[in-house]
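Structure first, then comments.
In UniProt numbering, the protein residues as written are 1 to 262.
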């Protein structure tokens with residue numbers, strides 16, 4: 001039986017969790033309703049109800065160009081991250097002695113402040129004459145998300161072990177056959193989750209984009225520019241779309257994680 005002190009601690013933790021959840025959800029509760037306000041400026045609580053700002057968002061060439069650009073960069077950078085991260089994961093898995101060290105090094109882009117990382121990427125892309133180009137931007141975003149892919153796939157490989165792969169090689173399968181028919185089906189959920197998370201990172205990224213995009217704009221950059229100028233509810237509409245994409249990504253990742261555990 002639980003003692004009174006245990007019950008008291010549980011209540012304190014429950015209250016703490018509820019307060020933190022409310023704190024995290026508060027921005028969503030403010031932004032999303034504001035996108036439906038009839039006023040021409042951001043106001044909470046919103047006045048009236050209208051879908052005008054969402055219509056303006058989808059009818060605006062600037063906003064649509066920024067959105068399509070963010071989507072295309074996100075898809076390409078996430079795909080590149082998965083390819084590079086998965087390949088690196090296999091190398092780490094085959095070199096178990098350096099597993100922890102390489103994993104720690106892989107966290108570098110996340111440990112280093114984004115502004116410093118962005119400056120380093122700016123200098124590198126300038127040296128390679130790739131600054132402001134789509135390949136350069138995709139590589140920059142992939143550098144930010146690749147560590148997450150590496151850690152996710154490496155963890156999945158470590159949990160699954162190599163028994164089935166060794167059995168497949170003994171039975172005559174080559175390296176590619178073993179990977180395609182044995183390894184990939186076992187880690188596919190981790191790979192899919194990693195791709196979604198990498199896309200989510202790229203789609204929301206703004207600091208590195210500000211340094212590397214040149215004259216082009218992504219959706220977060222367009223939101224930032226509009227906030228500095230007009231600050232109309234169209235910003236709230238665009239932000240609401242970003243929030244929805246983020247929540248869908250998180251929900252999908254958690255669903256895939258639960259399937260992996262089962």
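For each residue, glycine too, the CB sits at the ideal point set by N, CA and C.
Computed from a prediction, not measured in an experiment: that's the story for all the values here.
- Residue 25 counts as exposed, since fewer than 16 other beta carbons sit within 10 angstroms of its beta carbon.
- A Cβ-Cβ distance of about 30 Å is found for the pair residue 37 and residue 202, leaving them out of contact under the 8 Å criterion.
- Nearest in C-alpha terms to residue 146, of all of 219, 191 and 120, is 191.
- Residue state for residue 132 is assigned as coil, using DSSP reduced to three classes.
- For residue 204, the enclosing alpha helix (DSSP H) begins and ends at 184-204.
- Here residue 123 is actually not in contact with residue 136; their C-beta atoms are around 12 Å apart, not less than 8 Å.
- With contacts defined by Cβ atoms closer than 8 Å, residue 88 and residue 121 do not form a contacting pair.
- Within the same chain, 121, 208 and 212 come within 6 Å of residue 140 by CB-CB distance, once the 5 residues on both sides are set aside.
- At least 8 Å separates the beta-carbon of residue 149 from that of residue 246.
- Residue burial is scored here from C-beta neighbours: residue 217 has at least 16 other C-beta atoms within 10 angstroms and is therefore classed as buried.
- Residue 195 is classed as buried because its beta carbon has at least 16 other beta carbons within 10 Å across all chains shown.
- Note on geometry: alpha-carbon atoms of residue 67 and residue 79 lie some 18 Å from one another.
- Residue 21 places its beta carbon 8 Å or farther from that of residue 34.
- Counting the other Cβ atoms within 10 Å of the Cβ of residue 153 gives 16 or more, which makes it buried.
- DSSP places residue 209 within a helical segment (H, G or I) once states are collapsed to three.
- Taking the Cβ atoms as the reference, residue 53 lies roughly 7 Å from residue 236, within the contact range of under 8 Å.
- A direct Cα-Cα distance of roughly 47 Å separates residue 69 from residue 10.
- Shown here for residue 45: same chain residues with a beta carbon closer than 8 Å to its own, the five before and five after excluded, namely 33 in chain order.
- Straight across, the Cα-Cα distance linking residue 91 with residue 244 is about 36 Å.
- Note that the C-beta distance between residue 238 and residue 219 is below 8 Å.
- At least 8 Å separates the beta-carbon of residue 72 from that of residue 198.
- Residue environment: residue 172 is assigned as exposed (fewer than 16 neighbouring CB atoms within 10 Å of its CB, all protein chains considered).
- The C-alpha of residue 31 is placed about 18 Å away from the C-alpha of residue 58.
- Taking the C-beta atoms as reference points, residue 187 is found no nearer than 8 Å to residue 151.
- Residue 214 places its beta carbon less than 8 Å from that of residue 131.
- In summary, residue 231 is exposed, with fewer than 16 beta-carbon neighbours lying within 10 Å of its beta-carbon over all protein chains present.
- The beta carbon of residue 62 sits closer than 8 Å to the beta carbons of 217 and 222 from its chain, once the five residues preceding and following it are set aside; these are given in chain order.
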